[in-house]
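1 is the number of the first residue of the sequence shown in this note's numbering; add one for each residue after it.
Ideal Cβ positions, reconstructed from N, Cα and C, are used throughout, including at glycine.
Below: the structure, in structure tokens.
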Amino acid sequence: SIKVMMAKDFSYIGFVGCYTKPGQADPFEASHGGIPHDRSKVGVGVIAIGVSHNGELSFLGPDPIIKADDWPNPSYLTVLERDDQRPEGLKIGGLCVVSEQGYGKWQAFSLKRDNLSISATAVGEPIPTGGSYPCHVTSARIPHEKLECILISNYGDEQGVFNLYIDGGSSYNEQSRINFGPGSRVDLTRQQSSHAHSSCALPPLDPSSSLLDICAADLGSDSIIQFSVTKCPNSGSFDCVEKGRLATPAGSGPRSLMFNPASSFFNIAIVSLEMVAQVALIRRRLHDGCLEMIGSPVSLLPENWQLEECDDNTIMQFNKGCWASDAVWSPDGKFVYAAARLNDSISVFQLQHKIDGYREDKSMDDASPSAVVIQGLKLVDRISTHGRTPRCITMSECGKFILVAHQHSHDVSSFLRDETSGGLTFVNQLDVNLAACVKLVRPEKIG
């Protein structure tokens, strides 16, 4: 039976994107017939769910708020919170949703919320992403410009296309389209060309030279690419200019990256390395803005796990069991949560650090980033995600809940998080076919 509740009953509203076609986003589909799963099930569109005060999940209505017939393969989305500076129709909040197909496009949807339900309505026309198979979208404000950027990563294009759109008052207009170039070719199956997988935006260290800094993960070239958003003084248009690249280990395939939300660690990011099932810490240097690795990457797999599984050989045939997905920070910046597909687990790490006494004599909560010495990640726990192929994980704004979207067991899992220890406790699941993405927002911030 499907449990359906009213929107007013929840601490958070969640939106689940999915694949509405079989055999999608599986690098082992051509070579091994894909990850075993029930192929009779396909996604029906974007689903609205609620998260109660204790982390229990329920559906908000029996039908998708965006139907597959209207918007196929809505595999990734980002939430736009209420903002009067947005284009008309999106001021009350909305979604930006990609359609991950050969001809990539994205669409903005307004959200209407009442005590009973959530509904979504398309705003304007679909917008081409400038590439194929867009797999990631996020938004960011340009400081002091009162403008919003939409950042799109197109995975499928031969040179990994990254696109920047900016709010033009009534709609979002394409400002920049960037080809990343050739791949590293370490893995000749997956790295012949670049593959833009995700991006994030952050305030510039030097506002005189950049309005916004962007970092993009390129799985195909084993690199994190840095961009600066600048404004052309004559035309008033915006440009996105590459300013540097950080090489990750050869064949590692960087997939997702997130900068630490805590002020003392704001220059530290976590990067998931999909093809080796590892995570790495990187630093944006304060004196010049360039990126650098901190120590060595850390595995997401149990010691000897591959050897233990060799008798079966089912999992080991897929890239020797290595297939990482998302990595996210806790809101206080002290813990990292990273998912490993095939092993179907979340690893919990604590950020290890100390204060340089010569540079700062304050408590950790007040320390400036220049006085913080990052020592690495300490494994705290590793637990089952209670599903197969955890493609996406997300954390609530308060840090109390973590949700996991499972692509091949067709469900979304909920966990309660202990803010002191970082540990996770499983709560419940909802059945969502080919779940690919899940995002959360407080109810009062939309509709």
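Cβ pair residue i, residue j closer than 7 Å
i: residue 376; j: residue 330; result: no
i: residue 66; j: residue 46; result: yes
i: residue 192; j: residue 181; result: no
i: residue 326; j: residue 256; result: yes
i: residue 333; j: residue 380; result: no
i: residue 431; j: residue 418; result: no
i: residue 416; j: residue 438; result: no
Own chain partners of residue i with C-beta closer than 7 Å, once the 5 adjacent residues on each side are dropped
i: residue 96; result: 77, 78, 80, 106, 108, 137, 139 and 150
i: residue 119; result: 65 and 112
i: residue 122; result: 107 and 109
i: residue 32; result: 317 and 318
Cβ-based neighbour list, residue i, same chain, cut-off 6 Å, excluding 5 preceding and 5 following
i: residue 354; result: 373
i: residue 130; result: 161, 163 and 177
i: residue 56; result: 427 and 428
i: residue 126; result: 105 and 107
i: residue 29; result: 23
i: residue 165; result: 150, 172 and 174
i: residue 186; result: 250 and 251
i: residue 311; result: Only weak support exists for where residue 311 lies, its pLDDT of 47 falling under 50; the coordinates are left without a value.
i: residue 89; result: 110 and 123
i: residue 220; result: 160, 183, 191, 193, 194 and 195
i: residue 201; result: 140, 212 and 214
i: residue 294; result: 281, 283 and 374
Anticipated Cβ contact below 8 Å, residue i with residue j, distance rounded
i: residue 391; j: residue 405; result: 6 Å
i: residue 474; j: residue 156; result: Residue 474 lies beyond the residue range present for the chain, which begins at 1 and ends at 447; the question has no answer from this structure.
i: residue 17; j: residue 74; result: 5 Å
i: residue 40; j: residue 9; result: About 33 Å; that fails the 8 Å criterion.
i: residue 324; j: residue 273; result: 6 Å
i: residue 190; j: residue 27; result: 6 Å
i: residue 228; j: residue 213; result: 6 Å
i: residue 210; j: residue 230; result: 6 Å
i: residue 277; j: residue 291; result: Contact flag wrong, Cβ pair sits at about 22 Å.
i: residue 385; j: residue 346; result: 6 Å
Span separating the alpha-carbon of residue i from that of residue j
i: residue 254; j: residue 224; result: 7 Å
i: residue 203; j: residue 317; result: 42 Å
i: residue 264; j: residue 282; result: 15 Å
i: residue 394; j: residue 408; result: 18 Å
i: residue 280; j: residue 328; result: 12 Å
i: residue 194; j: residue 260; result: 26 Å
i: residue 243; j: residue 168; result: 25 Å
i: residue 352; j: residue 378; result: 7 Å
i: residue 148; j: residue 235; result: 18 Å
i: residue 336; j: residue 348; result: 6 Å
i: residue 286; j: residue 205; result: 7 Å
i: residue 433; j: residue 101; result: 18 Å
i: residue 82; j: residue 303; result: 46 Å
i: residue 222; j: residue 71; result: 32 Å
i: residue 271; j: residue 339; result: 12 Å
i: residue 267; j: residue 69; result: 42 Å
i: residue 396; j: residue 42; result: 27 Å
i: residue 215; j: residue 289; result: 11 Å
i: residue 368; j: residue 145; result: 27 Å
i: residue 425; j: residue 262; result: 24 Å
i: residue 152; j: residue 38; result: 30 Å
i: residue 21; j: residue 436; result: 12 Å
i: residue 350; j: residue 199; result: 24 Å
i: residue 34; j: residue 341; result: 13 Å
i: residue 63; j: residue 143; result: 38 Å
i: residue 11; j: residue 54; result: 9 Å
i: residue 93; j: residue 116; result: 17 Å
i: residue 170; j: residue 226; result: 29 Å
Neighbourhood of residue i by C-beta distance below 8 Å, restricted to the same chain and skipping five residues each side
i: residue 305; result: 321 and 343
i: residue 154; result: 104, 129, 130, 131, 132, 133, 134, 135, 160, 161, 162, 163 and 196
i: residue 84; result: 91
i: residue 13; result: 7, 48, 49, 50, 51, 60, 113, 118, 440, 441, 442, 443 and 446
i: residue 232; result: 238 and 239
i: residue 19; result: 25, 42, 43, 73, 75, 100, 407, 434 and 436
i: residue 258; result: 200, 269, 270, 327, 328 and 329
Residue i Cβ short of 6 Å to the ligand MN heavy atom set
i: residue 277; result: The ligand MN is not part of the structure shown, which contains no ligands of any sort.
(request) May I have a chain-ordered list of the beta strand (DSSP E) segments no shorter than 3 residues that lie completely inside the segment 33-109? (result) As far as the segment 33-109 is concerned, its whole beta strand (DSSP E) runs of at least 3 residues are 45-51, 57-59, 77-80 and 94-99.
(message) Threshold first: 3 residues or longer. Then list the beta strand (DSSP E) segments lying entirely within the segment 398-424, N to C.
(response) With a minimum length of 3 residues, the continuous beta strand (DSSP E) runs that stay inside the segment 398-424 are 401-406 and 411-417.
(request) Counting only runs of 3+ residues fully inside the segment 259-335, write out the beta strand (DSSP E) ranges in chain order. (result) As for any beta strand (DSSP E) of minimum length 3 sitting wholly inside the segment 259-335, the runs are 268-273, 278-284, 291-299 and 324-329, ordered along the chain.
(request) Could you tell me which uninterrupted beta strand (DSSP E) segments, each at least 3 residues in length, are contained entirely in the segment 170-242, listed from first to last along the chain? (result) Here the runs fully enclosed are 172-179, 196-202, 212-218 and 223-231.
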